[in-house]
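Beneath this line is the structure, given in structure tokens, with notes to follow.
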Amino acid sequence: MTGRPWQRRLLKWLRIAYLALLAAAVPVLVLARRDEVADLLGDLAGARHALVAASFAAGFVLIALSAYFWLVSLRILGQRPSLRDLTVTAARSLPARYVPLMVTFAISRVALMQ
């Protein structure tokens with residue numbers, strides 16, 4: 001982002017506040033729904049834990065693969081982005097897959113008007 005310094009600081013603090021809110025919400029939700037969580041963990045008791053961990057890690061590998069795909073594609077087009085920037089972009093774009101389309105549309109319109 002190439003905004004003013006106060007805008008960058010504000011966005012940084014908003015990200016920190018959002019992550020802190022998520023970190024506080026997860027234990028509250030786990031405690032509020034402890035029966036469902038216990039059932040879920042009980043279902044995993046018979047699972048192969050190495051496979052569960054591998055599938056979790058595979059999600060992060062997909063972020064790296066997506067970033068590498070964009071790196072190669074943009075280099076073919078003559079651009080020279082860094083792999084780090086593309087990895088951050090790929091990771092930040094993941095939540096957009098799970099947000100309803102109308103919310104994304106409204107946010108994109110606000111961003112375009114600025």
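Letter by letter, the sequence shown follows residues 1 to 114 of my numbering. Beta carbons are placed, not taken as given, at the ideal position from N, Cα and C, and that holds for glycine.
Residue i to residue j span [Cα, whole Å]
i	j	result
Ser-73	Lys-12	30 Å
Ala-111	Arg-15	17 Å
Ala-23	Ala-90	22 Å
Gln-79	Ser-66	17 Å
Arg-9	Leu-19	15 Å
Which listed residue (the options) has its alpha carbon closest to that of residue i
i	options	result
Phe-60	Thr-87, Asp-39 and Ser-108	Thr-87
Tyr-68	His-49, Val-52 and Asp-85	Asp-85
Leu-94	Leu-62, Arg-8 and Ser-108	Leu-62
Buried or exposed (CB count within 10 angstroms, at least 16 for buried), residue i
i	result
Ala-32	exposed
Residue i at chain D interface by Cβ criterion, 7 Å
i	result
Ala-64	Of the protein chains in the structure, only one exists, and it is not chain D.
Can you give, in chain order, each stretch of the beta strand (DSSP E) that sits fully within the segment 40-110 and has at least 3 residues? none
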